[in-house]
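Residue numbers (UniProt numbering): 1 to 546.
All remarks here apply to the structure that follows.
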């Protein structure tokens with residue numbers, strides 16, 4: 001049992017050693033609180049899977065000491081796992097209005113609004129949870145109500161940044177000023193728990209206002225229809241695109257359910273109040289090309305998102321030669337092939353493409369080195385504890401912070417149990433911090449039997465063999481063999497005949513012990529497949545007694 005004593009503990013169950021799936025635990029005086037409960041998106045190593053969730057086994061075993069889940073902001077890597085995992089934890093969620101609106105929609109979709117208590121905390125407000133005091137501290141980010149958390153405890157104050165940047169001209173919300181952040185530093189901060197995503201960037205991320213100028217230039221120069229793709233959750237960019245549409249004399253059309261949802265929640269919570277009226281797909285296609293601008297989801301190559309459907313002609317929105325697609329988003333590592341597939345399809349149609357390599361059409365929502373240095377100067381922590389990054393990002397931030405004068409630092413990864421106070425920071429243990437997958441409607445271990453079998457099938461294919469045996473133990477008729485994913489192509493029939501022969505020969509020699517008989521047939525057919533293909537397929541064998 002790991003119940004916090006008279007101490008302040010930290011444990012990441014996601015988001016440390018990876019970008020995405022953020023889950024952080026703070027422990028103090030017998031209680032745990034969770035900060036964020038996110039997911040990540042599956043890579044090709046998880047065939048058939050879209051969403052990957054954190055394994056919360058540790059805190060599920062200690063749920064009696066968990067007293068709440070506090071959310072910093074509404075990005076999927078911070079709130080996306082809530083509809084799948086929060087009900088089992090049985091504790092209230094705390095979020096500011098916009099983030100709460102996004103969460104409420106997720107709970108409604110899953111039909112669990114009565115099972116999960118959602119408490120809305122007003123912007124800039126404070127509340128207490130057991131031995132913890134929480135204050136929401138607004139910071140700029142690419143979504144409304146990006147917040148840091150000032151967490152007070154009997155053993156010191158934590159400043160947990162969440163995702164953030166410095167933006168002198170933010171389009172949505174009012175981030176804390178340098179004076180306000182310095183005042184928090186004046187009170188004394190034990191540890192700065194800080195976003196590491198862009199630590200290798202030598203330049204500040206830049207302002208959203210500058211993106212408007214860049215987009216205006218690109219879209220005013222465009223001859224035909226313009227489609228701009230961006231992250232749906234980047235409501236600041238959506239606001240920018242509404243202004244750009246007006247600047248360029250184009251009517252605005254939105255394509256993508258997640259964009260519809262973000263715009264709805266933003267308006268309900270006081271944002272996007274001057275957003276232009278939207279036109280539907282039919283109207284967009286009837287207007288002269290130079291009078292329409294489409295904002296669409298799918299800039300990361302998602303196969304079911306609006307952009308992919310437009311690129312492959314399965315959407316009501318149609319683009320043709322001379323039209324322009326603007327990628328107003330950063331290419332996330334790992335998505336290169338999926339994005340390239342869509343871009344190639346667009347180029348084949350004669351569509352012009354603009355990315356952040358050709359024009360200033362995107363700025364990041366995470367801090368570069370100059371912004372990190374300012375945060376260290378304002379907060380003046382005793383300890384730097386990097387999160388939200390791969391190991392190389394977090395190790396570099398710890399080194400950089402120490403170089404900037406932060407006295408102590410520690411680099412951790414998912415599962416490392418840390419004591420921050422007293423006498424910290426130090427690693428005092430290691431806890432399980434794995435991954436789960438959402439497979440259809442079922443949550444499974446990411447490296448469990450189902451996924452391992454699926455990976456083997458994806459790599460090697462599968463052969464099904466059915467053999468009928470008479471009472472005398474001899475084979476009746478031919479073995480039935482079916483194959484899927486076996487690379488025999490034009491030799492298919494010859495291979496099937498050879499596999500049937502291998503199954504019959506093994507059946508004749510296999511004896512009456514059915515378990516041994518099935519294994520003998522399985523091995524014989526797999527050896528034959530390996531001889532033909534060099535692969536070792538999964539072979540399923542059924543024996544029928546007649």
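Even for Gly, the Cβ is constructed at its ideal location relative to N, Cα and C.
Below 8 Å, can you find three or more Cβ-Cβ pairs linking the segment 131-149 to the segment 68-86? Taking one beta carbon from each stretch, the segment 131-149 and the segment 68-86 have 3 or more pairs nearer than 8 Å; the two touch.
State buried or exposed for residue 340, treating a residue as buried only when at least 16 other CB atoms are found within 10 Å of its CB. Using a 10 angstroms sphere on the CB of residue 340, the tally of other CB atoms stays under 16, which defines it as exposed.
Residue 156 and residue 190 look like a contact to me (Cβ under 8 Å); what is the Cβ gap, rounded to whole Å? Indeed they touch by this definition, with Cβ atoms about 3 Å apart.
For residue 416, the first and last residue of its enclosing beta strand (DSSP E): From DSSP, the beta strand (DSSP E) with residue 416 extends over 416-421.
Sequence-distant residues of the same chain with beta carbon closer than 6 Å to residue 88, five excluded per side: For residue 88, same chain residues with a beta-carbon under 6 Å away, outside a window of 5 residues either side, do not exist.
CB of residue 417 within 7 Å of CB of residue 429, strictly: Yes, Cβ-Cβ distance for residue 417 and residue 429 is below 7 Å.
Please report the distance separating the alpha-carbon of residue 99 from that of residue 409. Rounded to the nearest angstrom, the gap between the Cα atoms of residue 99 and residue 409 is 31 Å.
Can you tell me whether DSSP reads residue 122 as helix, strand or coil? Secondary structure of residue 122 (DSSP, three-state): coil.
Quick one: any contact between the segment 438-447 and the segment 200-217, if contact means 3 or more CB pairs under 8 Å? Using a C-beta cut-off of 8 Å, the segment 438-447 makes no contact with the segment 200-217, since fewer than three inter-stretch Cβ pairs fall below that distance.
Just reading off the alpha helix (DSSP H) that residue 242 is part of, what are its end residues? Annotation for residue 242: the continuous alpha helix (DSSP H) segment containing it runs 235-247.
Residue 58 by DSSP, collapsed to three states: which one? Helix, per DSSP.
Just to confirm, are residue 219 and residue 211 a CB contact at a threshold of 7 Å? One thing to note: residue 219 has its Cβ no nearer than 7 Å to the Cβ of residue 211.
Quick one: residues in its chain with C-beta nearer than 8 Å to the C-beta of residue 415, no 5 flanking neighbours on either side, listed in chain order? 11, 12, 13, 430, 431, 432 and 433, listed in sequence order.
Given 8 Å, three or more beta-carbon pairs between the segment 503-513 and the segment 472-488: Output reads yes: the segment 472-488 touches the segment 503-513.
Locate the beta strand (DSSP E) running through residue 159, then write down its first and last residues. From DSSP, the beta strand (DSSP E) with residue 159 extends over 156-160.
Assuming residue 317 and residue 285 form a contact by the criterion Cβ under 8 Å, report the distance between their Cβ atoms to the nearest whole angstrom. Sure, about 7 Å apart at Cβ, within 8 Å.
Once you ignore the five residues that flank residue 125 on each side, which residues in its own chain have a CB closer than 7 Å to its CB? Same-chain partners within the cutoff: 136.
Environment of residue 24 [buried if 16+ CB atoms lie within 10 Å]: The residue is buried, with at least 16 neighbouring Cβ atoms inside 10 Å.
With distances taken between CB atoms, is the gap from residue 255 to residue 222 smaller than 7 Å? No, these two residues do not count as a Cβ contact at 7 Å.
C-alpha distance - residue 19 paired with residue 389, whole-angstrom precision: Cα-Cα distance, rounded: 5 Å.
Quick one: measure Cβ to Cβ for residue 308 and residue 342, integer angstroms, because I've assumed they're closer than 8 Å. Contact flag correct, Cβ pair sits at about 6 Å.
When you compare only the Cα positions, how much space is there between residue 381 and residue 396? When rounded, the distance between both Cα atoms is 17 Å.
In whole angstroms, what separates the C-alpha of residue 113 from that of residue 106? Roughly 9 Å between the two C-alpha positions.
Range covered by the beta strand (DSSP E) that runs through residue 497: Per DSSP, residue 497 belongs to no beta strand (DSSP E); it is in the alpha helix (DSSP H), 492-509.
Residue from 83, 45 and 214 with nearest C-alpha to residue 363: The residue with the shortest Cα to Cα distance from residue 363 is 214.
Determine the direct distance from the alpha carbon of residue 129 to that of residue 40, and round the result to whole angstroms. Roughly 28 Å between the two C-alpha positions.
Helix, strand or coil: which one does DSSP assign to residue 18? If DSSP states are grouped into helix, strand and coil, residue 18 belongs with the strands.
Over what stretch of residues does the beta strand (DSSP E) that includes residue 93 continue unbroken? Per DSSP, residue 93 is one residue of the beta strand (DSSP E) stretching across 93-95.
Looking at the strands, I want to know which residues DSSP matches up with residue 251. Beta-bridge annotation (DSSP): residue 251 is paired with 292.
Would residue 35 pass as a contact of residue 141 if the rule is Cβ separation under 7 Å? No.
Just curious, the beta strand (DSSP E) that residue 31 is in, first and last residue? Taken as a continuous stretch (DSSP letters only), the beta strand (DSSP E) holding residue 31 covers 31-35.
Please list, in chain order, all residues of the same chain as residue 30 whose beta carbon is under 7 Å from its beta carbon, the five residues on each side excluded. 3, 4 and 65.
Rounded C-alpha distance that separates residue 197 from residue 119: A straight line joining the alpha-carbon of residue 197 with that of residue 119 spans about 29 Å.
Going by the DSSP bridge assignment, what does residue 136 pair with across the sheet? Per DSSP, 149.
Less than 7 Å between the beta carbons of residue 143 and residue 232, yes or no? No, these two residues do not count as a Cβ contact at 7 Å.
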